[in-house]
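K.L.:
Taking the numbering used here, the leading residue of the sequence shown gets 1, the next gets one more, and so forth.
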Amino acid sequence: MPAYRLLLIEDDFDVAEMLIMYFQAQQYEVLHADTGAAGIEIARTRFPNLILLDVMLPDMDGYDVCVNLRRRALTKYIPTLFLTQIDERSSKVKGLTLGADDYITKPFDIDELRLRVENAIKRARRENLNEPRTGLPTGELVAEERTRRQGTAFHELRMSVENFSAYAEVYSFMAATEVLYHVGQVIRDVLAESGAKDDFVGIVDDEFVILTSVPTLAGLQTQIEQRFEAQVKAFYNFIDADKGGVTLHPGTSNERFVPLMRLTRNETIQK
């Protein structure tokens, strides 16, 4: 998995190609959209670690894109940097007022841009805004999202990966990190496809916290569990996948068999 996932919303082909090639060489996964609408959809479904956003786009300006992203629970906490040819103080103030993390004027120094991108991502993680392994909101942001929904009808669904610690023991911390990242993506995908517009997912202490306003949880929960179950064997080698789990401490008195990982519901709260 690349170190970070970057979304570039830029309609200038030459600028986009240059930035894509540069950041890919820096081991970023780069997603690209050349319209504001496409960028919003990618942000909603692919959840990048940071968004580079051009102000002047063919279908809407970048300010409107930023407002749209900040109004959606799944995208409101993603660090966003404006890229623009407009070097007016009022434009910078407007962009920062809308919630952008930085404002960079074209032409720019590519190495300086990289440092600003890295610093914005690190700042978000240092302030515990995003959990490092999954990129999901955590800590105070989860609590803030709960508070924001007070007075409205919503469900809180908490899920965790059963048999996760056994998997990590056998396959390593890095492999386990891939699993958590994948679970976050599965949940986001299902929420994007079948959830409500303002649904939210975060993670606290390896527990995924889903806040949703769908009328009933059963269908949503089942989709999440079944999608992960259909894909989980890909994280195991052929032998373990075939036998349905891993053997801990083989050949010792502590030997035991642990089934494949699965997602389980820890608690459901209706408010």
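Glycine included, each C-beta is placed from N, C-alpha and C at the ideal position.
Treat the numbers as computed from the prediction; the structure is a model and nothing was measured.
1) What residue from Asp242, Thr45, Leu52, Asp64 has the CA that sits closest to Glu73's CA?
2) Can at least three beta-carbon pairs, one atom from the region 8–16 and one from the region 49–69, be found at a separation below 8 Å?
3) Within the region 183–245, note down every full beta strand (DSSP E) run reaching 3 residues or more, in order along the chain.
4) According to DSSP, is Met21 part of a helix, a strand, or is it coil?
5) For the candidate residues Gln223, Ala175, Leu136, Arg70, whose alpha-carbon lies nearest to that of Lys233?
6) Taking His32 as the reference, which of Leu19, Arg256, Asn254 has the closest Cα?
7) Assign Val30 to one of three DSSP states: helix, strand, or coil.
8) How many whole angstroms separate the CB atoms of Thr138 and Glu131, which I take to be in contact at a CB cut-off of 8 Å?
9) Quick check: is any heavy atom of the ligand MN less than 8 Å from the C-beta of Asn49?
10) Tell me which residues share the same chain as Asp120 and place their Cβ nearer than 8 Å to its Cβ, disregarding the 5 neighbours each side in the sequence.
11) With DSSP as the reference, identify every bridge partner of Tyr4, one or two as the case may be.
12) Which first and last residues belong to the beta strand (DSSP E) in which Glu10 is found?
13) I'd like the ranges of any beta strand (DSSP E) spanning at least 3 consecutive residues and lying wholly in the region 95–151.
14) Would you kindly report the start and end of the unbroken alpha helix (DSSP H) that includes Val170?
15) Buried or exposed: where does Met1 fall if 16 or more other Cβ atoms within 10 Å of its Cβ makes it buried?
16) Look up Val161 in the DSSP assignment and give the residues it is bridged to.
17) Three-state secondary structure (DSSP) at Met60?
18) I want to see whether chain C comes within less than 9 Å of Leu83, judged by CB atoms only; does it?
19) Thinking just about the alpha-carbon of each residue, which of Gln150, Glu156, Tyr28, Cys66 is nearest to the one in Glu41?
20) Report yes or no: do three or more beta-carbon pairs, one from the region 191–202 and one from the region 217–229, lie closer than 8 Å?
21) What is the DSSP secondary structure of Glu255, counted as helix, strand or coil?
22) Residues in its own chain within less than 7 Å of Thr75 by CB, not counting five upstream and five downstream?
23) Could you give the distance in angstroms between the alpha-carbon of Leu83 and the alpha-carbon of Asp64?
24) If I follow the unbroken alpha helix (DSSP H) through Ile51, where does it start and stop?
25) Let me know if Glu255 comes out buried or exposed under the rule of 16 or more other beta-carbons within 10 Å of its beta-carbon.
26) Apply the 10 Å Cβ neighbour rule to Glu229 and answer buried if 16 or more other Cβ atoms are within range, or exposed otherwise.
27) In angstroms, rounded to a whole number, what distance separates the CA positions of Arg262 and Pro48?
28) Taking the straight line between their C-alpha atoms, what separation do you get for Phe164 and Ala196?
P.N.:
Put simply:
1) First, the amino acid is wrong: residue 73 is Ala here, not Glu. Considering only alpha carbons, the answer is Thr45.
2) yes
3) 200–204, 207–212
4) helix
5) Ala175
6) The shortest Cα separation from His32 among Leu19, Arg256, Asn254 belongs to Leu19.
7) strand
8) 4 Å
9) By its list of ligands, the structure shown contains no ligand whatsoever, and the ligand MN lies outside what it can speak to.
10) Note on identity: in this sequence residue 120 is Ala, with Asp being the wrong assignment. Only Leu50, Pro79, Leu81, Asp101, Asp102 meet the Cβ criterion.
11) Residue pairing by DSSP places Tyr4 opposite Tyr28 in a beta bridge.
12) For Glu10, there is no enclosing beta strand (DSSP E), as DSSP marks it with neither H nor E.
13) With a minimum length of 3 residues, the continuous beta strand (DSSP E) runs that stay inside the region 95–151 are 102–105.
14) 164–171
15) Note that Met1 scores 49 on pLDDT, short of 50, meaning its location in the model is unreliable and no value can be drawn from it.
16) Leu263
17) coil
18) Among the protein chains of the structure shown there is no chain C, as only one such chain exists.
19) Cys66
20) yes
21) coil
22) Ala43, Arg44, Leu69
23) In this structure, the CA atom of Leu83 is about 14 Å from the CA atom of Asp64.
24) Taken as a continuous stretch (DSSP letters only), Ile51 belongs to no alpha helix (DSSP H), being part of the beta strand (DSSP E) at 50–54.
25) exposed
26) exposed
27) 25 Å
28) 29 Å
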